[in-house]
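Trainee:
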Amino acid sequence: MKWVNSHYPYADFHNRVITREIHHLKEIVQDFYKRDEVLTPEKLKNLYLVKYQGKRIKGVSGAITPGANDTITSFVEYSLKFGATSKKSAGTKKVYGTIKKLVESFRGRAVMAELDEAFVLGFVDFLRSDATGVNSDATVAKYVSRLKVIYQEYCEHYGIHPNKRIFERLDVDSSKRPDKIIYVNDEQYKKLLELKFDQKERRLEITRDIFILLCNTALYYNDLIAISNEKGFDRNLLKENPNHLVLQGERKKNGEEFWIPLNDTAKQIVKKYYVEDDEMIFPKSVAISEQKFNQHLKVLAERIGFTDVLSNKVGRKTFGTWTDRLGMDDNDIRMIFGHSPGSVLKKYYTERRTVESYNRILSFIQR
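The sequence shown maps to residues 129 to 495 in my numbering.
#1: Where do the N-terminal and C-terminal ends of the alpha helix (DSSP H) with E232 fall, by residue?
#2: Looking at the secondary structure, which residues open and close the beta strand (DSSP E) in which W387 lies?
#3: Where do the N-terminal and C-terminal ends of the alpha helix (DSSP H) with G448 fall, by residue?
#4: Could you tell me the alpha carbon to alpha carbon distance between I416 and E385, rounded to whole angstroms?
#5: Out of Y317, A354, K359 and K412, state which residue places its alpha-carbon closest to the alpha-carbon of C343.
#6: What's the gap between the Cα of V403 and the Cα of I150?
#7: Provide the residue span of the alpha helix (DSSP H) that contains Q423, from first to last.
#8: Whose CA, out of L341, T446, V223 and R235, lies closest to the CA of K308?
#9: Provide the residue span of the beta strand (DSSP E) that contains E322, from first to last.
#10: Straight-line CA distance for L275 to V204?
#11: For L375, which of helix, strand or coil comes out of DSSP?
#12: Straight-line CA distance for I493 to F160?
#13: Nearest CA to the CA of G433: which residue from L320, V166, L347 and I489?
#14: With a 10 Å radius around its C-beta and 16 neighbouring C-beta atoms as the bar for buried, classify P194 as buried or exposed.
#15: Taking the Cβ atom as the reference point for each residue, do L69 and I156 lie within a distance shorter than 9 Å?
#16: Please classify I409 as buried or exposed, where buried requires at least 16 other C-beta atoms within 10 Å of its C-beta.
#17: Is the CB-CB distance between L230 and T199 below 9 Å?
#18: Decide if the segment 424 to 440 is in contact with the segment 333 to 340; the criterion is three or more beta carbon pairs, one per stretch, under 8 Å apart.
#19: DSSP three-state label for V239, please.
#20: List the whole-angstrom C-beta distance separating N357 from K380, where the pair is believed to meet the contact cut-off of C-beta under 8 Å.
#21: For D253, I'd like the list of residues in its chain whose CB is within less than 6 Å of its CB, leaving aside the five on either flank, ordered along the chain.
#22: Any idea what DSSP makes of F361, helix, strand or coil?
#23: Could you check whether the segment 207 to 218 touches the segment 229 to 245, counting it as contact only if at least three pairs of C-beta atoms, one from each stretch, sit closer than 8 Å?
#24: Classify V166 as buried or exposed, calling it buried when 16 or more other Cβ atoms lie within 10 Å of its own Cβ.
#25: Just to confirm my understanding: we take S439, look at its own chain, exclude 5 residues before and 5 after, and list those with CB closer than 7 Å. What are they?
#26: Output needed for S207: all residues of its chain with C-beta closer than 8 Å, excluding positions within five of it in sequence on either side, in chain order.
#27: What is the DSSP secondary structure of S356, counted as helix, strand or coil?
#28: Shorter than 9 Å from the beta carbon of A394 to some beta carbon of chain B?
#29: Which two residues bound the contiguous alpha helix (DSSP H) that contains R462?
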């Protein structure tokens with residue numbers, strides 16, 4: 129940026145433009161200075177190019193994240209607009225919006241650095257007070273768990289070691305798990321595979337096949353049918369071996385990516401319904417709404433003597449129960465389930481998507 133000599137035509141105009149851009153750079157610098165955060169020349173350049181010049185640079189959004197000196201509510205707002213929460217479903221975003229309002233009512237000026245054990249204990253008491261209208265411990269636990277997610281996102285973003293004690297020793301269990309995990313056992317799984325259908329039961333057969341695929345991939349139904357033909361397979365592995373089928377995509381719930389090697393059973397189902405020139409891996413003739421899918425599952429549950437509610441979620445829990453029993457590596461499970469790999473592992477996460485990983489995972493889940 130060089131000042132334009134006054135002898136040149138339109139010098140005033142050019143110098144005003146330069147002054148404006150310097151002001152934009154100063155805004156970024158001052159913002160980082162207020163937070164006592166490191167700002168390298170390269171980071172300043174990239175933020176400026178994205179935010180004020182409209183460039184697209186991978187990993188740079190142009191939105192400056194709130195830091196430790198900013199309020200909890202501002203960090204929730206940032207997460208809703210630009211962070212991990214922005215990729216969640218509309219229903220989940222609504223819950224985080226409620227969290228923002230509740231924190232505003234409780235202690236609106238509290239900053240992220242103040243989010244400690246005393247804050248969380250006070251927040252729990254506030255949720256149970258007459259001021260909120262929260263009428264059950266289950267709802268209290270839900271809001272506490274969402275606040276925990278915001279805290280974890282904040283720690284991960286700034287490389288802060290999280291203090292796990294903050295969300296422990298509460299008289300609500302923010303990490304409470306269901307008393308009973310509903311899944312399809314080996315005998316019921318075998319019965320599903322052996323079911324026979326006549327020509328009028330084509331939809332039931334499709335539902336059975338898709339559910340079996342869910343049991344072998346840990347996918348939710350809506351994530352499965354949203355996989356596109358263009359990006360749904362790992363083409364790098366296919367180049368090495370056409371039999372190396374891996375489904376990949378993004379979970380709707382959290383925006384995290386999944387990478388799932390297909391065993392022989394899963395491959396057979398994908399190949400059975402796959403149409404090469406269709407936009408999606410599963411064409412419209414196969415994909416139906418989740419509600420209708422679950423309705424057909426009720427019929428299948430009766431045929432195999434499954435006494436609990438058989439829904440698309442049961443497929444994911446079946447895979448999780450199965451792989452836990454087999455002793456699969458936790459990082460492989462995260463990669464398949466589309467769980468966040470954590471700030472350290474995330475840097476090297478794509479390197480795990482190799483032929484070696486494919487073969488290692490297949491050695492566990494082949495059936």
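C-beta: ideal position from N, C-alpha, C; glycine also.
Since this is a predicted model, take the numbers as computed values, not measurements.
Mentor: Short version:
#1: According to the DSSP assignment, E232 belongs to the alpha helix (DSSP H) that extends over A218 to R235.
#2: E385 to P389
#3: N440 to L454
#4: 23 Å
#5: Y317
#6: 54 Å
#7: E418 to I432
#8: T446
#9: No beta strand (DSSP E) holds E322; the alpha helix (DSSP H) holding it covers D314 to E322.
#10: When rounded, the distance between both Cα atoms is 9 Å.
#11: strand
#12: 48 Å
#13: L320
#14: buried
#15: There is simply no residue 69 to check, as the chain begins at 129 and stops at 495 in what is shown.
#16: I409 comes out buried.
#17: no
#18: yes
#19: strand
#20: Rounded, the Cβ-Cβ distance is 18 Å, inconsistent with contact.
#21: none
#22: Looking at F361 - three-state DSSP - the assignment turns out to be strand.
#23: Flag = no, the segment 207 to 218 and the segment 229 to 245 do not touch.
#24: exposed
#25: N422 and L425
#26: T213, S214, Y224, I278 and E281
#27: strand
#28: Going by chain labels, chain B is absent from the structure shown, which holds only one protein chain.
#29: D458 to F465
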